[in-house]
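Quick note on the working numbering: the sequence shown kicks off at 392 and runs consecutively. Some notes on the structure that comes next.
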Amino acid sequence: MVHAAGTLSTGGACERRGGRRVSAPFSLAMQDLTTGPITRHLLKTTGFMLVTMLFQTLYFLIDLYWVGRLGTAAVAAVGIAGNLTFIVLALTQMLGVGTTAVISHAVGRKDAPDAVMLFNQAQVLAMVTGALFLVIGLVTRLPYARSMAADTRTAELAAQYLAWFVPAMALQFGLVAMSAALRAIGNFKTGMVVGTATVILNMLLAPFLIFGWGTGRPLGVAGAAIASLVAIVAGLVWLTAYFRKVGSFLRFDPRAWRPRTAVWKRMLGIGLPSGVEFGITTVYLALVYSITRPFGAAAQAGFGIGMRIIQAGFMPVVALAFSVAPVAGQNFGARLAQRVKDTFKDAAWMAVALMVAFALACHFLPGPLVRVFSKDEGVIAVGTERGFSRARTAVCVVALVSAAPVGSPDGASLIARDVPQ
Numbered sequence: 392m393v394h395a396a397g398t399l400s401t402g403g404a405c406e407r408r409g410g411r412r413v414s415a416p417f418s419l420a421m422q423d424l425t426t427g428p429i430t431r432h433l434l435k436t437t438g439f440m441l442v443t444m445l446f447q448t449l450y451f452l453i454d455l456y457w458v459g460r461l462g463t464a465a466v467a468a469v470g471i472a473g474n475l476t477f478i479v480l481a482l483t484q485m486l487g488v489g490t491t492a493v494i495s496h497a498v499g500r501k502d503a504p505d506a507v508m509l510f511n512q513a514q515v516l517a518m519v520t521g522a523l524f525l526v527i528g529l530v531t532r533l534p535y536a537r538s539m540a541a542d543t544r545t546a547e548l549a550a551q552y553l554a555w556f557v558p559a560m561a562l563q564f565g566l567v568a569m570s571a572a573l574r575a576i577g578n579f580k581t582g583m584v585v586g587t588a589t590v591i592l593n594m595l596l597a598p599f600l601i602f603g604w605g606t607g608r609p610l611g612v613a614g615a616a617i618a619s620l621v622a623i624v625a626g627l628v629w630l631t632a633y634f635r636k637v638g639s640f641l642r643f644d645p646r647a648w649r650p651r652t653a654v655w656k657r658m659l660g661i662g663l664p665s666g667v668e669f670g671i672t673t674v675y676l677a678l679v680y681s682i683t684r685p686f687g688a689a690a691q692a693g694f695g696i697g698m699r700i701i702q703a704g705f706m707p708v709v710a711l712a713f714s715v716a717p718v719a720g721q722n723f724g725a726r727l728a729q730r731v732k733d734t735f736k737d738a739a740w741m742a743v744a745l746m747v748a749f750a751l752a753c754h755f756l757p758g759p760l761v762r763v764f765s766k767d768e769g770v771i772a773v774g775t776e777r778g779f780s781r782a783r784t785a786v787c788v789v790a791l792v793s794a795a796p797v798g799s800p801d802g803a804s805l806i807a808r809d810v811p812q
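Spelled out as structure tokens, the structure:
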């Protein structure tokens with residue numbers, strides 16, 4: 392049932408005390424997004440996500456700043472290794488979007504047992520896919536680095552970075568699955584706190600490990616990857632402890648860990664369009680790095696800096712997209728067609744405004760943006776060209792929002808027509 396405070400109880404978790412039937416302390420705060428103003432829900436949830444995204448963006452830029460102090464080859468190496476991030480994004484987007492959709496639908500239906508089952512299936516799927524990525528990533532890291540790098544030194548640095556970065560990305564699957572589940576129940580605050588804390592930890596560790604501050608043992612680019620690994624482990628432990636607490640609405644249940652391929656297929660099917668989008672980006676980046684290889688490390692470094700700036704600019708609208716999914720998902724589960732439509736329209740206008748502002752910044756200030764991260768004129772020239780050309784297409788990221796609202800193969804039919812309330 393729905394309480395006045397907007398939290399959902401399991402409805403069946405009760406016990407008797409002194410002859411009285413008392414609700415067990417089973418449900419922690421979760422937000423019912425099927426009532427109240429849509430715009431307020433979007434702004435509130437986007438605000439929580441944006442705090443995390445801003446810190447994540449700040450980390451990207453600070454990490455790039457520190458790595459830039461190691462030289463052009465180091466920047467190029469981290470850029471090459473960072474391409475794997477898009478592979479992880481493609482896979483975790485499929486997992487995360489699917490998880491948020493199916494759990495939010497269950498919450499909208501007020502079906503707590505189904506939500507718990509879906510949560511556990513998402514965690515098992517995350518462990519399986521993360522393990523596969525770890526094995527494949529470690530086996531192929533050396534051939535990948537050699538095939539992408541412009542010279543031997545860059546290849547060596549990329550391989551060093553990947554040795555620690557691949558395990559970090561493998562653990563990211565579990566982190567994404569748990570964070571997506573929290574978003575599905577409207578709990579953005581916990582994810583914000585954990586995400587922000589881990590990013591701060593990463594930022595603090597990076598220079599100490601890269602330059603050997605206090606230890607006298609600089610680890611170079613490997614230090615940046617180790618900092619990421621430590622931060623992700625900390626976040627994973629933190630969220631795991633949260634879901635093990637008595638009273639958590641979603642909780643680990645070993646009885647629900649037996650793989651259910653039908654559920655996995657449903658989750659991945661919902662997230663497939665988003666995953667394909669990032670998969671295409673991965674192929675595109677691999678092609679660009681292959682093409683720029685003959686032009687040297689400076690060209691690859693400039694491209695890498697340009698991509699980091701673009702990623703940073705996309706973060707606000709990505710935060711909005713993450714916020715749209717649970718709002719629309721819960722209303723879809725509750726069969727509230729008009730609220731789903733309103734969610735899409737409000738989010739689309741917000742996304743357009745954000746991307747127009749970013750496009751103008753890239754168009755008029757490409758040089759100053761790139762110069763912050765490198766003083767090499769060759770790197771600046773390539774990075775500036777990158778920022779200018781992408782400014783004209785920045786608004787296309789609105790597709791992130793249009794893909795997110797319903798999170799279901801049946802979503803188009805719900806938007807197209809009203810359903811019984």
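Note that CB positions come from ideal geometry on N, CA and C, so glycine has one too. It should be emphasised that the depicted structure is a prediction, and the values quoted were computed from it without experimental measurement.
Counted as a single uninterrupted DSSP element, the alpha helix (DSSP H) harbouring G720 occupies residues A688 to G724. Straight-line spacing of the CA atoms in F446 and R762 works out to 21 Å.
Put simply, the stretch 556-563 touches the stretch 521-529. At least three CB pairs are less than 8 Å apart. For S570, the number of other beta carbons within 10 angstroms of its own is at least 16, and it is reported as buried. With the rule of 3 Cβ pairs closer than 8 Å, the stretch 567-584 counts as touching the stretch 710-729. For M518 and P759, the gap between their C-alpha atoms comes out near 42 Å. In the DSSP assignment, F556 falls within the unbroken alpha helix (DSSP H) covering T543 to A575.
Only residues of its own chain outside the window of five on either side were considered, and among them T673, L676, A677 and Y680 have a CB closer than 7 Å to the CB of N474, listed in chain order. Between A710 and M440, the beta carbon gap of about 4 Å places them in contact (Cβ cut-off 8 Å). Here I682 is exposed: its Cβ has fewer than 16 other Cβ atoms, across all protein chains shown, within 10 Å. Residue environment analysis places A653 among the exposed positions, since fewer than 16 neighbouring C-beta atoms fall within 10 angstroms of its C-beta. For D454, the three-state secondary structure derived from DSSP is helix. In the same chain as L620, and ignoring 5 residues on each side of it, the C-beta atoms closer than 7 Å to its own belong to W555, P558 and A559, in chain order. When DSSP states are grouped into helix, strand and coil, N511 belongs to the helix group. Taking the Cα positions, A467 is about 8 Å away from A549. Burial is judged here by how many other beta carbons sit within 10 angstroms of a residue's own beta carbon; L461 has at least 16 and is buried. About 5 Å separates the beta carbons of V731 and N722, which is inside the 8 Å limit, making them a contact pair. A Cβ-Cβ distance of about 33 Å is found for the pair V469 and I661, leaving them out of contact under the 8 Å criterion. Contact between A568 and Q514 holds: their C-beta atoms lie close to 6 Å from each other, under 8 Å. Taking C-beta atoms as the reference points, I617 and L641 fail to come closer than 8 Å. Here the C-alpha atom of A540 lies approximately 7 Å from the C-alpha atom of I471.
In the three-state scheme derived from DSSP, where H, G and I count as helix and E and B as strand, S619 is classed as helix. DSSP, reduced to helix, strand and coil, places A540 outside both helices and strands of the structure shown, so it counts as coil.
I478 counts as buried, since at least 16 other C-beta atoms from the protein chains shown sit within 10 angstroms of its C-beta. In the structure shown, Q422 falls within a coil segment according to DSSP collapsed to helix, strand and coil. With a 10 Å radius around the Cβ and a threshold of 16 neighbouring Cβ atoms, G638 comes out exposed. If you ignore the 5 residues before and after D733, its C-beta comes within less than 8 Å of the C-beta of I429, all in its own chain and listed in chain order.
In terms of Cα proximity to G687, the closest of T581, G499, T520 and T543 is T543. A distance below 8 Å separates the beta carbons of A689 and V770.
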